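Peer 1: Before we start, here is the structure in question, set down as structure tokens.
In our numbering, the protein residues as written are 4 to 266.
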């Protein structure tokens, strides 16, 4: 039943604007256009949220009467959450105690990042193209490049590794599967600690190593219910939130004293 629904959804994709690479001199423009969609466009996070799996599906629209007999097609999907600054601190030993030392600021770290493809990225296209499009964790732009710091690459790798442990950075080079010649599908798991915000899903179509079409979708991840009220209060009115937190702690302490007091 799930396979039948997925196939029906693939066949029912609405038309969407596509991006194509500029053809080289003397060559015809690509005849393929990429169309894609997400299984959901909005996620509400409540107290019982345990993560969610998103289906990404699409098709290659051939302007000719049939798909060409030659050419290797690949699909790469890049999902990003809004970026925010991250401070990476080195551990230093002071008087026999390990403490946080100097920090490096990375001003543009995605709250969530996932790259999925039909094959290993380097088997699809060149390293230069991957770097230009920001495909893969090794090509992820964190907003900081320091050639003077010999430990720059070590700290950067540590930031990515910690994000991977939290399932907030993911890389899967076999997660996109073709269903026939033109239909494709992929799934991505968003963890329970996924940040809120507007996500973008960039889907690229490659033919023989060249990016010939692109499609973009958006996904809204927001808190709902009482959790949203607490979240908005903490970020918009931190002083009031702090006072309420202290008040709740005092009341909880008084309640515990009253419940377990000795007569």
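Backbone N, C-alpha and C fix where the C-beta goes; we use that ideal spot for every residue, glycine too. Computed from a prediction, not measured in an experiment: that's the story for all the values here.
#1: Pick helix, strand or coil for residue 192, following the three-state DSSP scheme.
#2: For residue 185, which of helix, strand or coil comes out of DSSP?
#3: So, is residue 221 buried or exposed, given that buried needs 16 or more other C-beta atoms within 10 angstroms?
#4: Is the Cβ-Cβ distance between residue 80 and residue 243 less than 8 Å?
#5: If we call anything under 8 Å between Cβ atoms a contact, is residue 202 one with residue 118?
#6: So is residue 169 buried or exposed if we call it buried at 16+ other beta carbons inside 10 Å?
#7: Could you say if the region 86 to 102 and the region 207 to 220 meet the contact criterion of at least three C-beta pairs nearer than 8 Å?
#8: Which class does residue 117 belong to by DSSP, given the choice of helix, strand or coil?
#9: Would the region 127 to 136 count as touching the region 102 to 116 if we require 3 or more Cβ pairs under 8 Å?
#10: Between the beta-carbon of residue 195 and the beta-carbon of residue 224, is there less than 8 Å?
#11: Leaving out five residues on either side along the sequence, give the residues of the same chain with a beta carbon under 6 Å from the beta carbon of residue 19.
#12: If residue 63 and residue 55 are in contact, beta carbons under 8 Å, what's the gap, nearest whole angstrom?
#13: Opposite residue 79 in the DSSP bridges: which residues?
#14: Out of 175, 255, 52 and 75, which one is the CA nearest neighbour of residue 215?
#15: What residues are listed by DSSP as bridge partners for residue 87?
Peer 2: Reading off the structure:
#1: If you number the chain shown from 1, residue 192 lands on position 189. In the structure shown, residue 192 sits in a strand (DSSP, three-state: E or B).
#2: The count along the chain shown starts at 1 and reaches residue 185 at position 182. In this structure, residue 185 counts as coil in the three-state DSSP scheme.
#3: Counting from one through the chain shown, the residue named residue 221 turns up at place 218. Label assigned to residue 221: exposed.
#4: Within the chain shown, residue 80 is the residue found at index 77, counting from 1. Within the chain shown, residue 243 is the residue found at index 240, counting from 1. For residue 80 and residue 243, no; Cβs fall outside 8 Å.
#5: Counting from one through the chain shown, the residue named residue 202 turns up at place 199. Counting from one through the chain shown, the residue named residue 118 turns up at place 115. For residue 202 and residue 118, no; Cβs fall outside 8 Å.
#6: Looking up residue 169 in the chain shown gives position 166. Exposed is the call here.
#7: no
#8: Counting from one through the chain shown, the residue named residue 117 turns up at place 114. Residue 117 falls in the strand class under three-state DSSP.
#9: no
#10: Counting from 1 along the chain shown, the entry for residue 195 is found at position 192. Counting from 1 along the chain shown, the entry for residue 224 is found at position 221. Their beta carbons are not under 8 Å apart, which means residue 195 does not touch residue 224 by this criterion.
#11: Here residue 19 corresponds to residue number 16 of the chain shown, with the count starting at 1. Here residue 19 scores only 38 on pLDDT, less than 50, and its place in the model should not be relied on; the value that follows carries that caveat. Same-chain partners within the cutoff: 38 and 218.
#12: If you number the chain shown from 1, residue 63 lands on position 60. If you number the chain shown from 1, residue 55 lands on position 52. The Cβ separation is near 27 Å, so there is no contact.
#13: Here residue 79 refers to the residue found at position 76 of the chain shown. 120 and 207, per the DSSP bridge assignment.
#14: Mapped onto the chain shown, residue 215 falls at position 212. Comparing Cα positions, the closest option is 75.
#15: Locating residue 87 in the chain shown gives position 84, where the first residue counts as 1. Its beta-bridge partners are 112.
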